[in-house]
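Trainee: I'd like to ask some things about the structure below.
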Ligand SMILES: [Zn+2]
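Residue numbers (the working numbering): 3 to 435.
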């Protein structure tokens, strides 16, 4: 960081703070607060209400939306961007990504074969691809053993050093020895770092959680259940990794710092206990029971289903019995969650899927019974609520941050158009045109 050059011990803290604000300002891509841009559109998508505002003009001043509507006057001296053949909607949000892994992670173990600096550079490339795909905000829901690289990436984007979506991050996920996020299969005498922070007692849970807070995490990610290989196919019960008391401890300790918890939880007792304990979101959840879905409605718990990632990468491959059981259940649970009114967000597990393919889950959500409008709402309005950013993002509204994308077709009729984003503006800056 440039400002650290000025911050020797002989300089006062106040002076350092002044430089900290001033020095990176030269690098940061902060739009000139006086600059005015007017965007002509074929239609602005009102994602809250699932309708179009045809012929609307959006006026952006600096990094905020100043006016939206059909009768809006274009201010004198404004830069005009003509998107009059395109549909404009708010920047999309992916609430479940892993910028620090690539889809070959299972065959090319990044902990064994890649340095964390190299993984961080991969993260820079992933972030760029994600932004260019129209996803202007992401919740990167653990670094998969890349320690604090997600915090570095988040801050470097914020400081304007590299380009990417605005990020909330979860650093190291909390798991258990012998469960998920372990480097399995190596001889016991070989000691290697793990994919998650393995915590096997209340004291270890508190210790790792506080360390993550110290280094700047936005979320705590808890592996409440194991992974797919831990599902008992006889009764479809996933491995519960923590006791109910331990799950409550994670939520209450995170809450003391004002930090929300995201629980990787497929279903069964552990998912129910996580909802009861007050986690903000359930990730994946393809085995969630009816009582848990009902409790999620009661508690306002968000569900981020990540459907596509549980299908084989090769669409023509014959599914295993396990894959078939999991994906069939996902479809059933999705239908029930929709029927009872669970708050369903949008997330992909990008990283396990190629970065930049973040629009991949829209089609599955529609196939499973959501309207296109509801699927778009999940990736905008609902995710902005999940991330507590709904005052700033999620809709094209006066006063909100100018995160805007444009596509060639009407996404309320065909979510497929979201895979071909033609224009990207984040924070008032145009990144793709
Ligand atoms: Zn994930």
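C-beta atoms are modelled at their ideal positions from N, C-alpha and C, and glycine is treated no differently.
Counting only runs that start and end within the region 59-124, where is the alpha helix (DSSP H) found for 4 or more residues in a row?
Mentor: You should have 112-115.
Trainee: Going by DSSP in three states, residue 171 sits in which element: helix, strand or coil?
Mentor: Counted from its first residue, the chain shown places residue 171 at position 169. Strand at residue 171.
Trainee: Is residue 332 close to ligand 1? I mean its beta-carbon at under 7 Å from any heavy atom of the ligand.
Mentor: The residue you call residue 332 lines up with position 330 of the chain shown. Residue 332 Cβ: outside cutoff for every heavy atom of ligand 1.
Trainee: Is residue 1 near ligand 1, in the sense that its beta carbon is under 7 Å from a heavy atom of that ligand?
Mentor: Here the chain has residues from 3 to 435 only, and residue 1 is not among them.
Trainee: CB of residue 100 to nearest heavy atom of ligand 1: below 7 Å?
Mentor: Against the chain shown, residue 100 aligns to sequence position 98. Under cutoff, so the answer is yes.
Trainee: For residue 67, which residues in the same chain have their Cβ closer than 6 Å to its Cβ, ignoring the five residues on either side in sequence?
Mentor: For the purposes of this step, residue 67 is identified with residue 65 of the chain shown, where counting begins at 1. Cβ neighbours of residue 67 beyond the five flanking positions: 400, 402 and 404.
Trainee: Is any non-hydrogen atom of ligand 1 found closer than 7 Å to the C-beta of residue 328, if you look at the structure I gave you?
Mentor: Here the question's residue 328 lines up with position 326 in the chain shown. Every heavy atom of ligand 1 is 7 Å or more from the Cβ of residue 328, so no.
Trainee: Looking at residue 143 and ligand 1, is the gap between the Cβ and the nearest heavy atom below 7 Å?
Mentor: Within the chain shown, the letter at position 141 stands for residue 143. Correct: residue 143 has its Cβ closer than 7 Å to ligand 1.
Trainee: Run through DSSP, which three-state label would residue 48 get?
Mentor: Taking the first residue of the chain shown as 1, we reach residue 48 at position 46. Here residue 48 sits in strand by DSSP.
Trainee: Starting from the N-terminal side, write out each stretch of the alpha helix (DSSP H) that is 4 residues or longer and does not extend beyond the region 124-208.
Mentor: Runs of the alpha helix (DSSP H) inside the region 124-208: 151-160.
Trainee: Look at the Cβ atom of residue 378, then the Cβ atom of residue 49, and state whether they are nearer than 8 Å.
Mentor: In the chain shown, the residue the question calls residue 378 occupies position 376. In the chain shown, the residue the question calls residue 49 occupies position 47. Against a cut-off of 8 Å, the Cβ pair of residue 49 and residue 378 comes out as a contact.
Trainee: State buried or exposed for residue 35, treating a residue as buried only when at least 16 other CB atoms are found within 10 Å of its CB.
Mentor: On the chain shown, residue 35 is found 33 positions in, with the first residue counted as 1. Classification for residue 35: exposed.
Trainee: Which residues does DSSP list as the beta-bridge partners of residue 225?
Mentor: Looking up residue 225 in the chain shown gives position 223. Paired residues: 266.
Trainee: Find the nearest neighbour of residue 335 within the set 269, 324, 320 and 314, judged by alpha-carbon distance.
Mentor: Numbered from 1 along the chain shown, position 333 holds the residue referred to as residue 335. The shortest C-alpha separation from residue 335 is found at 269.
Trainee: Determine the contact status of residue 165 and residue 95, defining contact as a CB-CB distance below 8 Å.
Mentor: Numbered from its first residue, the chain shown carries residue 165 at position 163. Numbered from its first residue, the chain shown carries residue 95 at position 93. Not in contact: residue 165 and residue 95 (Cβ atoms no closer than 8 Å).
Trainee: Looking at the strands, I want to know which residues DSSP matches up with residue 234.
Mentor: Looking up residue 234 in the chain shown gives position 232. Answer by DSSP bridge pairing, in chain order: 239.
Trainee: In this structure, how does DSSP classify residue 381 when only helix, strand and coil are distinguished?
Mentor: On the chain shown, position 379 is the one that residue 381 refers to. Looking at residue 381 - three-state DSSP - the assignment turns out to be helix.
Trainee: Is it true that the region 102-115 meets the region 44-63, where meeting means three or more beta-carbon pairs spaced less than 8 Å apart?
Mentor: Output reads no: the region 44-63 does not touch the region 102-115.
Trainee: Measuring alpha carbon to alpha carbon, tell me which residue in 209, 211, 157 and 179 is nearest residue 197.
Mentor: To locate residue 197, count along the chain shown from 1; it is residue 195. Of the candidates 209, 211, 157 and 179, the one whose C-alpha sits nearest the C-alpha of residue 197 is 179.
Trainee: When DSSP labels each residue in this structure, what does residue 312 get in the three-state scheme?
Mentor: Mapped onto the chain shown, residue 312 falls at position 310. The answer is helix: DSSP assigns residue 312 an H, G or I state.
Trainee: Could you say which of 342, 98, 225 and 227 lies nearest to residue 142 if we only look at CA atoms?
Mentor: Counted from its first residue, the chain shown places residue 142 at position 140. Comparing Cα-Cα distances from residue 142 to each of 342, 98, 225 and 227, the minimum goes to 98.
Trainee: Secondary structure at residue 286, three-state DSSP: helix, strand or coil?
Mentor: Reading the chain shown from its first residue, position 284 is the one you call residue 286. Strand, per DSSP.
Trainee: Could you check what DSSP says for residue 399 in three-state terms: helix, strand or coil?
Mentor: On the chain shown, position 397 is the one that residue 399 refers to. Three-state DSSP puts residue 399 in coil, outside helix and strand.
Trainee: For the structure I just gave you, are there three or more beta carbon pairs, one from the region 249-265 and one from the region 223-232, closer than 8 Å?
Mentor: Touching, yes.
Trainee: Under the three-state reduction of DSSP, which class applies to residue 364: helix, strand or coil?
Mentor: Against the chain shown, residue 364 aligns to sequence position 362. If DSSP states are grouped into helix, strand and coil, residue 364 belongs with the helices.
Trainee: Measure from the alpha carbon of residue 338 to the alpha carbon of each residue in 292, 360 and 235, then state which is nearest.
Mentor: Here residue 338 refers to the residue found at position 336 when the chain shown is read from its first residue. Of 292, 360 and 235, the residue nearest in Cα terms is 292.
Trainee: Do residue 91 and residue 129 have their C-beta atoms closer together than 8 Å?
Mentor: Locating residue 91 in the chain shown gives position 89, where the first residue counts as 1. Locating residue 129 in the chain shown gives position 127, where the first residue counts as 1. In this structure, residue 129 does not lie closer than 8 Å to residue 91 by Cβ.
Trainee: Under the rule that 16 or more other beta-carbon atoms within 10 Å means buried, what is residue 323, buried or exposed?
Mentor: Here the question's residue 323 lines up with position 321 in the chain shown. Burial call: exposed.
Trainee: Does DSSP classify residue 423 as helix, strand or coil?
Mentor: For this step, residue 423 is matched to residue 421 along the chain shown. Residue state, collapsed to three classes: strand.
Trainee: Indicate whether residue 249 and residue 275 have their beta-carbon atoms separated by less than 8 Å.
Mentor: Sequence index remark: in the chain shown, residue 249 carries index 247 (1-based). Sequence index remark: in the chain shown, residue 275 carries index 273 (1-based). Yes.
Trainee: Mark residue 254 as exposed unless 16 or more other C-beta atoms lie within 10 angstroms of its C-beta, in which case mark it buried.
Mentor: The sequence position of residue 254 within the chain shown is 252, counting from 1. Its Cβ having fewer than 16 others within 10 Å, residue 254 is exposed.
Trainee: For residue 303, tell me which candidate among 388, 245 and 125 has the shortest Cα-Cα distance.
Mentor: Mapped onto the chain shown, residue 303 falls at position 301. For residue 303, the nearest C-alpha among the options comes from 388.
Trainee: Please classify residue 30: does DSSP put it in a helix, a strand, or coil?
Mentor: Numbered from its first residue, the chain shown carries residue 30 at position 28. In this predicted model, residue 30 has a pLDDT of only 47, less than 50, meaning its place in the structure is not dependable enough to derive any value.
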